[in-house]
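J.: Count the sequence shown with the numbering used here and you get residues 138 to 393, in order. Note that the Cβ used here is the ideal one computed from N, Cα and C, for glycine as well. Below: one structure in structure tokens.
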Amino acid sequence: MSVNPFTLPGEWLKGNTHCHTTESDGEKSPEAVADWYAGHGYDFLSITDHRILTSTREIERVGMIGVPGMELNGWDDESDCEYHMVALGLKNVEVAPPGRSLQGAIDLVKGDGAATILAHPYWLGYEPQWLAPIKELDALEMFNATCQLMNGKGYSPQIIDGLLAQGMRFTLIAADDAHWRNADSGKAWLQVKAQERDAAAIVEAVITGAFYATEGPEIHGFRIEEKRVVVKTSPVAEVRFTSWRNKGQVARAEDG
């Protein structure tokens, strides 16, 4: 399901849904990670260490909303490809072994009430047809800063287009996936429209699409008037509206 967050009541909250600490393969402690995001104006954060649930205590200590999260990873036998899947809003799953099925990982965390996000699909090498049979995948990362810095595979438009063409519907996430080995933190985030300042409202917003993903530009309004799309943003070089196959349009600031 997808909604227009600009028509909803609530408060805009800035947050990151994917990062790591020394509890798995990150270079900073949970305390240092929480301090960094709080110091850069974030309202919520999910620490998503690999296959373990890291406490939200340090996040809440600095006044942010802590969203319990985990990155599950393993080898998917069906696609013969490694999977990485972010789960947001976990309640009881604290440890997950490296599984042999992406669908199995999704089923595990969905049973615990979590939102499911396929992490950096282009970096992993996924093809659209491998993902088409997957059920209850809520979102895909359309941009991952660490993967972009690592080898230029942070964007995943071709996979997203292929899945949409096959009838799949999901929301699109931008995250920094900070591991703190280079300048990966703060490069992408979500602006979520939440009716409550708590983890449950943020998870619901991710599932329903009550947010926008950004690497910096702010979106102040979005609406559709008959066959016309109207968007109001902070100053940008251009706005791209992309649609089915060759449909869409680019509005450039230099064109007035």
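Tell me which same chain residues have a C-beta within less than 6 Å of the C-beta of E231, skipping the five on either side of it?
T.: If we look at E231 and ignore the five residues flanking it on each side, its Cβ neighbours are L190.
J.: Considering only C-alpha positions, which residue in the set A350, V376, A336 is nearest to I196?
T.: For the residues A350, V376, A336, the minimum Cα distance to I196 belongs to A336.
J.: Identify, in the order they occur along the chain, each residue of the same chain with its Cβ nearer than 7 Å to the Cβ of L145, setting aside the five sequence neighbours on each side.
T.: Here the set comprises K330, A347.
J.: Compute the distance between the beta-carbons of W173 and Q328, then report whether it is under 8 Å.
T.: Not a contact, by the Cβ cut-off of 8 Å.
J.: Residues in the same chain with beta-carbon distance under 8 Å from R318, minus the five sequence neighbours each way, listed in chain order, please.
T.: Within the same chain, R318 has close Cβ partners E164.
J.: Do you know whose CA, among T185, N153, R365, lies nearest E160's CA?
T.: Out of T185, N153, R365, T185 has the C-alpha closest to the C-alpha of E160.
J.: Mapping the DSSP letters down to three states, classify V184 as helix, strand or coil.
T.: Note on residue identity: the sequence assigns Ile, not Val, to residue 184. Of the three classes helix, strand and coil, the one that applies to I184 here is coil, per DSSP.
J.: With DSSP collapsed to three states, give me the class of Y174.
T.: Helix.
J.: Would a C-beta distance cut-off of 8 Å place C156 and A315 closer than the cut-off?
T.: Against a cut-off of 8 Å, the Cβ pair of A315 and C156 comes out as a contact.
J.: Using the DSSP secondary-structure output, state which residues sit across from K330 in a beta bridge.
T.: Answer is W149.
J.: Just checking, does the segment 303 to 313 make contact with the segment 372 to 379 on the three C-beta pairs under 8 Å criterion?
T.: With a cut-off of 8 Å, the segment 372 to 379 and the segment 303 to 313 do not count as touching, because too few Cβ pairs lie within range.
J.: Relative to the C-alpha of K369, which candidate in W381, A390, K384, N383 has its C-alpha closest?
T.: Looking at the Cα atoms, A390 is the closest of the given residues.
J.: When you compare only the Cα positions, how much space is there between S166 and L274?
T.: Whole-angstrom Cα-Cα distance: 30 Å.
J.: Express the C-alpha separation of N383 and M201 in angstroms, rounding to a whole number.
T.: When rounded, the distance between both Cα atoms is 42 Å.
J.: What are the complete beta strand (DSSP E) segments, minimum 3 residues, inside the segment 342 to 377?
T.: For the segment 342 to 377, whole beta strand (DSSP E) runs of length 3 or above, ordered along the chain, are 348 to 351, 356 to 362, 365 to 370.
J.: Are the segment 236 to 255 and the segment 209 to 218 touching by the rule of at least three beta carbon pairs closer than 8 Å?
T.: Contact holds: three or more Cβ-Cβ distances are below 8 Å.
J.: Would N194 and P235 qualify as a contact pair, given that the criterion is a beta-carbon distance under 8 Å?
T.: The question names Asn, but residue 194 is Arg in the sequence shown. No, they are not a contact pair.
J.: Give me the residue from L261, V170, F181, A224 with the minimum Cα distance to A252.
T.: It is A224 whose Cα lies nearest to the Cα of A252.
J.: Considering only the beta carbon of each residue, do M279 and Y263 sit closer than 8 Å?
T.: No. Outside cutoff.
J.: Please say whether I339 and V204 have beta carbons closer to each other than 8 Å?
T.: It is a contact, given that the beta carbons lie within the stated cut-off.
J.: For A311, which beta-bridge partners are listed by DSSP?
T.: DSSP output for A311 lists F280 as bridge partner(s).
J.: Anyone know if the C-beta pair for K228 and D249 falls short of 8 Å?
T.: The answer is yes: Cβ separation under 8 Å.
J.: Under 8 Å, Cβ to Cβ, is there at least one residue of chain D near Q295?
T.: Of the protein chains in the structure, only one exists, and it is not chain D.
J.: Helix, strand or coil for E219 per DSSP?
T.: E219 falls in the strand class under three-state DSSP.
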